[in-house]
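Just so you know, we're using our numbering here: the sequence shown kicks off at 28 and counts up by one. We put the CB at the ideal spot given by N, CA and C, even for glycine. Right, one structure below, let's go through it.
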Amino acid sequence: MIKIAPTPPISFSGEVPGDKSISHRALILSALASGESVIEGLLHSADTDATWACLLALGAGLEEDSPGRVRVTGVASHLTSPKGTLEAANSGTTARLLLGVLAQAGLYASLDGDESLRLRPMRRVMEPLGQMGARITALARDGRLPLKIQPAALHGADLQTDVASAQVKSALLLAALGAEGPTAVDLPRPSRDHTERMLRHFGVTVTSAVDGAGHELVALTGPQTLLADGAIVVPGDPSTAAFLWAAAAVTGGRAEVHGVCLNERRIGFLRLLADMGVTVEISADQIGLEPVGRVVVSGRPTRHGEVSRADVVDLIDELPLLACVMAIAPGVSRVEGAEELRVKESDRIAAMGQGLRALGVACAESPGGWRIEGGRRIGSAELDPCGDHRVAMALSVLAMAGAKESTLLGDRLWEVSYPTFVEQMQLAGGRLQEA
Ligand code: S3P
Numbered sequence: 028m029i030k031i032a033p034t035p036p037i038s039f040s041g042e043v044p045g046d047k048s049i050s051h052r053a054l055i056l057s058a059l060a061s062g063e064s065v066i067e068g069l070l071h072s073a074d075t076d077a078t079w080a081c082l083l084a085l086g087a088g089l090e091e092d093s094p095g096r097v098r099v100t101g102v103a104s105h106l107t108s109p110k111g112t113l114e115a116a117n118s119g120t121t122a123r124l125l126l127g128v129l130a131q132a133g134l135y136a137s138l139d140g141d142e143s144l145r146l147r148p149m150r151r152v153m154e155p156l157g158q159m160g161a162r163i164t165a166l167a168r169d170g171r172l173p174l175k176i177q178p179a180a181l182h183g184a185d186l187q188t189d190v191a192s193a194q195v196k197s198a199l200l201l202a203a204l205g206a207e208g209p210t211a212v213d214l215p216r217p218s219r220d221h222t223e224r225m226l227r228h229f230g231v232t233v234t235s236a237v238d239g240a241g242h243e244l245v246a247l248t249g250p251q252t253l254l255a256d257g258a259i260v261v262p263g264d265p266s267t268a269a270f271l272w273a274a275a276a277v278t279g280g281r282a283e284v285h286g287v288c289l290n291e292r293r294i295g296f297l298r299l300l301a302d303m304g305v306t307v308e309i310s311a312d313q314i315g316l317e318p319v320g321r322v323v324v325s326g327r328p329t330r331h332g333e334v335s336r337a338d339v340v341d342l343i344d345e346l347p348l349l350a351c352v353m354a355i356a357p358g359v360s361r362v363e364g365a366e367e368l369r370v371k372e373s374d375r376i377a378a379m380g381q382g383l384r385a386l387g388v389a390c391a392e393s394p395g396g397w398r399i400e401g402g403r404r405i406g407s408a409e410l411d412p413c414g415d416h417r418v419a420m421a422l423s424v425l426a427m428a429g430a431k432e433s434t435l436l437g438d439r440l441w442e443v444s445y446p447t448f449v450e451q452m453q454l455a456g457g458r459l460q461e462a
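Structure (structure tokens):
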């Protein structure tokens, strides 16, 4: 539980922890490769720790040399059958990416998750993997964890999926590594491409293109092996920095974040903040595996914002936060086409709708988003984050602009993705206190 008191304009300058999506992939691909990799700037959080533990159970060697610097001894595609159930905890990325790996690994395994992950859809990965010959069965409810994986010889396939999900795309590419022949995946629109970038770093040939209809087409011909190639540097997580940027927008302060990942598919939130009149300065420093740079966000929004279906993928994890900025912005803001939010760590449309209304914001839910009347006085409340780390952090940020002290329920939910959330917010002047 934390108490959040009205906060004057925040001021932050520094780095944020490593990118969560890239950390998962760095661990998984290094573990599959032949040879030794060093990962620098790895995120340590409950989600990435779940991936770490699963990979250890599958035979990879993982050792932390110093904080954030990890040495991985890969298994050269030869994973060993895990003794117990692989636990993905709260992490959808762990579960879905590992499903792709396990489908082609030729071993027996069981995969499970916590209460929230057990509710999330896995069929979107299981079905296309089934078309490649994978043998995956749901042990309890159809299409949900826990799942049982059995050995199977996979073949390449032409696959289509109707969700623009990087987790699904990545799972299928990881399965295609061990399948015989070409696999092509057609997704309704481009999503984050961290897996493709990192596969190339490990010497894998993978192609990607966008067709005339805006679909993303990725292809990989298996079998292919991964060769370790020195160090992987994980940049700062823009989805984590977004909490500081939003706190700046909500309190009328300033947040400068260095060394943050600027992958085009991850910075839709910054585009929306700028559309809403918040000052956003982006300077790209370097392009390695990923574009990286410095971002300064300052001042309050001056106008309402509009998000439509085409924008959603590039700010999927930041939509709860954007709803908070919309609550501050003058005028009526709208988010549409974000039905995917209903199957995240919680039903984020409902959870945020409830939290915003508790803080006195006029917010109406639709199947794919919200209509938010912004610019009114923010109140104070006892806030229920519905067990969801991003909802918890987003509501805390909005509560900083409240008239009186609010209380956020839940047990250190931010440890799932941003373990230093409270410390960094306090450093920025945020009046948050663990109670
Ligand atoms: C992620 C992709 C997104 C995102 C999640 C992380 C990834 O999920 O919401 O937090 O690392 O690939 P979907 O691919 O299901 O949209």
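Flag residue i as yes when its Cβ comes closer than 7 Å to any non-hydrogen atom of the ligand S3P, and as no otherwise.
{"i": "Gln187", "result": "no"}
{"i": "Ile343", "result": "yes"}
{"i": "Arg219", "result": "yes"}
{"i": "His416", "result": "no"}
{"i": "Ala193", "result": "yes"}
{"i": "Ser50", "result": "no"}
{"i": "Gly119", "result": "yes"}
{"i": "Ser197", "result": "yes"}
{"i": "Glu154", "result": "no"}
{"i": "Glu442", "result": "no"}
{"i": "Glu223", "result": "no"}
{"i": "Glu367", "result": "yes"}
In this structure, what does DSSP give as the bridge partners for residue i?
{"i": "Cys288", "result": "Val319"}
{"i": "Ser61", "result": "Leu254"}
{"i": "Gly358", "result": "Gly401"}
{"i": "Gly208", "result": "Gly249"}
{"i": "Glu333", "result": "Arg361"}
{"i": "Gln453", "result": "Gln453 pairs with nothing; no bridge assigned."}
{"i": "Ile309", "result": "Val322"}
{"i": "Thr234", "result": "Ala246"}
{"i": "Ile29", "result": "Leu435, Glu461"}
{"i": "Asp213", "result": "Gln187, Leu244"}
{"i": "Ser38", "result": "Arg281"}
{"i": "Leu297", "result": "Leu297 pairs with nothing; no bridge assigned."}
{"i": "Val339", "result": "None; Val339 has no bridge partner."}
{"i": "Val260", "result": "Glu67"}
{"i": "Ser393", "result": "Gly396"}
{"i": "Leu410", "result": "Leu435"}
{"i": "Ile314", "result": "Pro318"}
{"i": "Gly45", "result": "Gly263"}
{"i": "Ala165", "result": "Leu174"}
Does the distance from the C-beta atom of residue i to that of residue j stay below 8 Å?
{"i": "Met225", "j": "Arg96", "result": "no"}
{"i": "Gly401", "j": "Ile376", "result": "no"}
{"i": "Leu254", "j": "Ala60", "result": "yes"}
{"i": "Glu317", "j": "Pro262", "result": "yes"}
{"i": "Leu244", "j": "Asp213", "result": "yes"}
{"i": "Ala115", "j": "Asp76", "result": "no"}
{"i": "Glu367", "j": "Ile399", "result": "no"}
{"i": "Thr34", "j": "Arg439", "result": "no"}
{"i": "Ala337", "j": "Leu300", "result": "no"}
{"i": "Val359", "j": "Leu346", "result": "no"}
{"i": "Cys288", "j": "Val319", "result": "yes"}
{"i": "Ser373", "j": "Ile31", "result": "no"}
{"i": "Ala136", "j": "Pro109", "result": "yes"}
{"i": "Leu166", "j": "Leu174", "result": "yes"}
{"i": "Val233", "j": "Leu199", "result": "no"}
{"i": "Ala356", "j": "Met379", "result": "no"}
{"i": "Val99", "j": "Ala58", "result": "yes"}
{"i": "Val449", "j": "Ile29", "result": "yes"}
{"i": "Leu172", "j": "Ala122", "result": "yes"}
{"i": "Leu69", "j": "Ser50", "result": "yes"}
{"i": "Pro94", "j": "Thr267", "result": "no"}
{"i": "Ala428", "j": "Ile37", "result": "no"}
{"i": "Leu425", "j": "Ala354", "result": "yes"}
Can you check whether the C-beta of residue i is within less than 8 Å of a C-beta belonging to chain D?
{"i": "Thr232", "result": "The structure shown contains no chain D; it is built from a single protein chain."}
Are the segment 80-87 and the segment 291-311 touching, with three or more C-beta to C-beta distances below 8 Å?
no
Fully enclosed by the segment 89-163, which alpha helix (DSSP H) runs are 4 residues long or longer?
119-130, 150-158
Whether or not the segment 324-339 and the segment 165-181 are in contact is what I'm after, with contact meaning three or more pairs of Cβ atoms, one per stretch, closer than 8 Å; do they touch?
no
For the structure I just gave you, are there three or more beta carbon pairs, one from the segment 145-152 and one from the segment 226-233, closer than 8 Å?
no
Is it true that the segment 269-288 meets the segment 202-211, where meeting means three or more beta-carbon pairs spaced less than 8 Å apart?
no
Give a yes or no on contact between the segment 408-421 and the segment 381-391, applying the rule of three or more CB pairs nearer than 8 Å.
yes
Which ranges does the beta strand (DSSP E) cover as unbroken runs of at least 3 residues, wholly within the segment 170-198, from first to last along the chain?
Complete beta strand (DSSP E) runs here, min 3: 174-177, 185-187.
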